[in-house]
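Trainee:
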Amino acid sequence: MTEPRSARGQRTLAGEYFTSEEIFRREQERIFARRWLCAGHVSELGQPGSYLLFELGAESLIVLRDESGGVRSLHNVCRHRGSRLCLEPAGELGRAIRCPYHAWTYALDGTLRAAPNMAEVAGFERADHPLRSAPVTLWEGLLFVHLGAAPEPFARELAALGGRVEPWRIGELTRVQRTTYEVEANWKLFFHNYSECYHCPTVHPHLNQLTPYRNTRNDLAEGGVLGGPMWMTHPDGSMTIGGERCAPLLPGLGEADRGHVRYYTVFPSMFLSLHPDYVLVHRAQPLGPTRTRIHCDWLFHRDALAAPGFDPAPAIEFWDLTNRQDWELCANAQRGVASRAYVPGPYAELESQLAAFDREYLAAMDGEPAAAARPAG
Ligand code: FES
Ligand SMILES: [Fe+2]
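Here this note's numbering is used: the first residue of the sequence shown is 1, the next is one more, and so on.
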């Protein structure tokens with residue numbers, strides 16, 4: 001089940017890539033302002049007025065369900081004196097967004113509806129001050145936003161995912177759990193850690209029993225989306241505390257989709273773990289060169305949720321345990337790469353995906369400065 005893979009003789013990145021404020025700032029411009037970034041799952045948005053915030057560095061977007069039932073993304077910046085409009089990470093706006101400072105009030109499409117006492121200002125027109133919008137797209141139930149002015153079409157940027165993910169019908173799933181972690185480690189260390197199972201026999205004995213670490217094949221080995229399947233010891237199993245599925249096989253999956261998990265990294269913000277009975281989404285939110293927030297969501301099919309006795313705990317416990325083991329590794333690695341004694345080390349062939357991630361990363365960092373990291377609209 002394995003096939004030759006190669007790290008092409010590459011070595012790990014220099015220490016400054018994990019510690020430098022300057023490189024972190026450049027990453028914001030050249031990577032995070034130029035790529036589509038996962039903001040969450042559509043099941044988080046219910047009726048019109050329901051919203052979630054997407055936050056990254058100085059930027060904050062209100063991703064909401066508008067009056068027509070569509071999804072929109074608006075910069076969370078008042079057109080009066082710039083105040084944040086929404087302060088909670090998610091909630092219900094009703095029919096309007098009201099600034100907490102001087103009560104300028106916007107419709108769900110961003111139009112300025114009311115601006116108290118501004119009629120006495122010569123030349124003031126409400127129509128000149130809508131909230132600025134940001135590109136947003138819904139793909140397989142996942143919300144993606146863009147902070148830049150001239151995004152590549154989503155389909156082109158993430159073309160590699162097309163056709164691989166559809167059978168999981170992620171749009172029919174519902175988030176049943178979110179756990180958010182904050183770890184003292186650079187965001188790239190999480191991508192590195194997720195992209196190999198070289199560490200599994202040492203650190204995840206339980207996971208390694210369910211999916212022996214060499215039972216993998218990378219069907220995407222170059223570009224912005226990397227990963228592939230990992231086969232389970234038990235063809236009817238899943239990644240849970242007991243090793244058994246905790247929900248029926250997802251309805252879009254067939255015989256060939258049993259017995260393995262598919263793991264993909266989506267540069268630069270997401271890991272997608274496709275199980276036979278549920279989907280796990282990790283999103284990385286870099287807070288600084290040495291600190292990252294990770295949001296981990298467990299998504300199950302709505303039919304499974306409705307079934308008597310449904311219990312997602314074995315899946316939640318399994319990945320919470322695995323996450324915590326991994327985050328400790330990332331934090332330890334961060335301490336080491338920050339040392340003056342650290343020099344880049346050789347990647348194992350089992351780490352071919354880390355080498356591919358680094359190639360993608362370095363190419364993105366070498367690119368010309370973004371046309372503008374300014375908001376569109
Ligand atoms: S800053 Fe929003 S109304 Fe004044
Ligand atoms: Fe791990």
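For each residue, glycine too, the CB sits at the ideal point set by N, CA and C. The structure displayed is predicted, hence computed values, not measured ones.
Give the residues whose C-beta lies closer than 5 Å to at least one heavy atom of ligand 1, in chain order.
Mentor: Here the list is C78, H80, R81, S83, C99, Y101, H102 and W104.
Trainee: Relative to the alpha-carbon of S195, which residue among W168, V225, L112 and P116 has its alpha-carbon at the smallest distance?
Mentor: For the purposes of this step, residue 195 is taken as residue 195 along the sequence shown, with counting starting at 1. Ranking the options by Cα distance to S195, first place goes to V225.
Trainee: Report yes if the C-beta distance between T174 and L305 is below 8 Å; otherwise report no.
Mentor: Taking the sequence shown and counting its residues from 1, the one referred to as residue 174 is at position 174. Taking the sequence shown and counting its residues from 1, the one referred to as residue 305 is at position 305. For T174 and L305, yes; Cβs fall inside 8 Å.
Trainee: So is the beta-carbon of Q285 under 7 Å away from any non-hydrogen atom of ligand 2?
Mentor: Taking the first residue of the sequence shown as position 1, residue 285 is located at position 285. No.
Trainee: Using a Cβ distance threshold of 8 Å, determine whether the region 211-222 contacts the region 244-252, with at least three qualifying pairs required.
Mentor: Not touching, per the Cβ criterion.
Trainee: What's the gap between the Cα of A333 and the Cα of Q47?
Mentor: As a working mapping, residue 333 is identified with position 333 in the sequence shown. As a working mapping, residue 47 is identified with position 47 in the sequence shown. Cα to Cα, the separation comes out at about 43 Å.
Trainee: List the residues that DSSP assigns as beta-bridge partners of Y312.
Mentor: Taking the sequence shown and counting its residues from 1, one reaches residue 312 at position 312. The question names Tyr, but residue 312 in the sequence shown is Pro. None, per the DSSP bridge assignment.
Trainee: Below 6 Å CB to CB, which residues in the same chain sit around T105 once its five sequence neighbours on both sides are set aside?
Mentor: As a first step, residue 105 is located in the sequence shown; it is residue number 105 there, counting from the start. Contacts found: A96, R98, R113 and A114.
Trainee: With respect to 7 Å, is the separation between the Cβ of N208 and the closest non-hydrogen atom of ligand 2 below this value?
Mentor: Counting from 1 along the sequence shown, the entry for residue 208 is found at position 208. Incorrect: N208 has no Cβ contact closer than 7 Å to ligand 2.
Trainee: What is the DSSP secondary structure of P344, reduced to helix, strand or coil?
Mentor: The residue labelled residue 344 in the question sits at position 344 within the sequence shown. Three-state DSSP puts P344 in coil, outside helix and strand.
Trainee: If you scan the region 126-186 from start to end, which runs of the alpha helix (DSSP H) of 4 or more residues do you find wholly inside it?
Mentor: Listed in chain order, the complete alpha helix (DSSP H) runs (minimum 4 residues) inside the region 126-186 are 154-157.
Trainee: Does ligand 2 have a heavy atom nearer than 7 Å to the CB of H192?
Mentor: By 1-based counting over the sequence shown, the position of residue 192 is 192. False, no ligand heavy atom lies under 7 Å from that Cβ.
Trainee: Helix, strand or coil for W327, going by three-state DSSP, please let me know.
Mentor: Stepping through the sequence shown from its first residue, residue 327 is reached at position 327. Looking at W327 - three-state DSSP - the assignment turns out to be helix.
Trainee: Which first and last residues belong to the beta strand (DSSP E) in which C296 is found?
Mentor: In the sequence shown, the residue the question calls residue 296 occupies position 296. First-last of the beta strand (DSSP E) with C296: R291 to H301.
Trainee: Do T12 and P344 come within 8 Å of each other at the CB atom, strictly closer than that value?
Mentor: To locate residue 344, count along the sequence shown from 1; it is residue 344. To locate residue 12, count along the sequence shown from 1; it is residue 12. Yes.
Trainee: Does any heavy atom of ligand 2 sit closer than 7 Å to the C-beta of H199?
Mentor: In the sequence shown, residue 199 corresponds to position 199, counting from 1. Indeed, a heavy atom of ligand 2 lies less than 7 Å from the Cβ.
Trainee: In the DSSP assignment, the alpha helix (DSSP H) including S352 goes from what residue to what residue?
Mentor: The residue given as residue 352 occupies position 352 in the sequence shown. Segment S352 to D366, the alpha helix (DSSP H) holding S352.
Trainee: Take P151 as the anchor and find which of L37, A356, E21 and A313 has the nearest alpha-carbon.
Mentor: Stepping through the sequence shown from its first residue, residue 151 is reached at position 151. Looking at the Cα atoms, L37 is the closest of the given residues.
Trainee: Whole angstroms are fine: how far does the CA of A90 sit from the CA of R84?
Mentor: For the purposes of this step, residue 84 is taken as the residue at position 84 of the sequence shown. For the purposes of this step, residue 90 is taken as the residue at position 90 of the sequence shown. Spanning the two alpha carbons is a distance of roughly 14 Å.
Trainee: According to DSSP, G237 sits in a beta bridge with which residue or residues?
Mentor: Counted from its first residue, the sequence shown places residue 237 at position 237. DSSP, once it has assigned bridges, lists E244 as partnering G237.
Trainee: Is it buried or exposed for P100, if we count other Cβ within 10 angstroms and need 16 for buried?
Mentor: Along the sequence shown, read from residue 1 onward, the residue named residue 100 stands at position 100. Label assigned to P100: exposed.
Trainee: Counting Cβ pairs, one atom from each stretch, are 3 or more of them under 8 Å apart for the region 50-59 and the region 71-86?
Mentor: These segments touch.
Trainee: On the criterion of 16 or more Cβ atoms from any shown chain inside 10 Å, does L210 qualify as buried, or is it exposed?
Mentor: Translated into the one-based positions of the sequence shown, residue 210 becomes position 210. Result: buried.
Trainee: How many angstroms separate the CA atom of A149 from the CA atom of Q285?
Mentor: On the sequence shown, position 149 is the one that residue 149 refers to. On the sequence shown, position 285 is the one that residue 285 refers to. Each residue's Cα considered, the two are about 20 Å apart.
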